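Structure first, commentary second.
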Amino acid sequence: MTPVITLLTDYGLEDGYVAACHGVIAGIAPEARVIDVCHLIPSGDVRRGAAVLAQTIPYLPQGIHIGAVDPSAGGARRAVAVEAGGRVFIGPDNGLLSWAVHASGGARAAYEISNADHFLHPVSPTFHGRDVFSPVAGRLCGGLTPADLGPEVPLARLVSLPEPTSLLREGSVEGEVVSVDRYGNTQLSIAAGDLQALGVRVGDTLGVWLGRRQLALPYRETYAAVPPGELVAFADSAGLVAIAVNSGDAAQRLGLPPGAHVRLSPTP
């Protein structure tokens with residue numbers, strides 16, 4: 001079976017950072033198939049990286065999954081390898097991996113990546129994606145085990161981002177903005193099933209409270225169901241409610257950053 005390594009970073013595509021990681025992996029594990037999940041995570045946005053990885057992981061083969069959104073690279077944070085659901089997640093212990101680990105059934109074991117025998121040398125303190133995570137992933141494809149990487153880390157000591165929450169009340173559901181994609185679509189922590197439980201169906205009008213502001217938005221199957229420039233709510237590919245502007249930027253128009261509180265309800 002061909003080993004699979006996936007890469008998620010905030011390195012962008014304007015420089016050679018991603019290619020360097022591919023090159024290191026190819027030099028150690030030329031038989032591995034490398035899947036690029038995303039390299040356009042906003043710089044240092046751990047929460048956005050966590051959301052993208054968690055929502056992509058159900059569609060990826062089992063394998064080794066590198067996450068490198070690491071604003072504290074070179075600092076005190078540790079690097080970890082976490083086993084979950086037949087997968088190994090590699091990256092900084094800053095919460096980036098936590099939602100994907102949860103989506104994979106929860107951590108079974110975790111190890112600090114500290115055995116420098118498996119690194120690329122010299123190690124740059126600011127490029128662990130190339131010098132630590134990529135060579136370790138390649139060597140795991142060759143038979144190295146996570147336990148060879150360093151001491152075991154108690155699972156309770158792994159850094160976890162707070163899980164996005166939603167609360168279904170009588171007549172409404174409350175949640176938060178989980179993330180904002182490159183189009184400005186705002187993904188909420190509210191599942192489409194929560195709206196169904198309130199009796200909201202596609203084609204209805206949805207009441208939306210953003211702090212003290214109240215809006216009435218059409219609830220449709222896709223943003224293309226409204227004219228260009230119009231706001232719309234819909235169930236996205238992850239089954240979560242999103243707010244978008246057809247051919248526009250909803251996050252900018254509404255001032256909705258990740259973490260912003262939102263309440264939804266049916267309208268009469």
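Numbered according to full-length UniProt numbering, the sequence shown terminates at residue 268, and the numbering increases by one at each position without gaps. Cβ atoms here follow ideal geometry from the backbone N, Cα and C, with glycine treated the same way. Just so you know, these numbers come straight off a predicted model, no measurement behind them.
Do you know how far the Cα of residue 14 is from the Cα of residue 22?
15 Å
May I have the straight-line CA-CA distance separating residue 85 from residue 48, to the nearest angstrom?
Roughly 22 Å between the two C-alpha positions.
Pull up the CB-CB distance for residue 118 and residue 158, whole angstroms please, since I reckon it's below 8 Å.
21 Å between Cβ atoms; not a contact.
Report the start-end ranges of each beta strand (DSSP E) in the region 13-77 that is 3 residues or longer and not cut off at the edges.
33-38 and 64-68
Which of the three DSSP states, helix, strand or coil, is assigned to residue 111?
strand
Compute the distance between the beta-carbons of residue 167 and residue 24, then report whether it is under 7 Å.
no
Close Cβ partners of residue 267 (< 8 Å) along its chain, the five nearest in sequence each way excluded
204, 205, 206, 207 and 216
In whole angstroms, what separates the C-alpha of residue 95 from that of residue 79?
The alpha-carbon separation between residue 95 and residue 79 amounts to approximately 11 Å.
Terminal residues of the continuous beta strand (DSSP E) containing residue 121?
Here residue 121 belongs to no beta strand (DSSP E), and DSSP marks it neither H nor E.
Would you decide whether residue 126 is buried or exposed? Buried here means 16 or more other CB atoms lie within 10 Å of its CB.
exposed
Rounded to whole angstroms, what's the CA-CA distance from residue 56 to residue 156? Just pull it up for me.
25 Å
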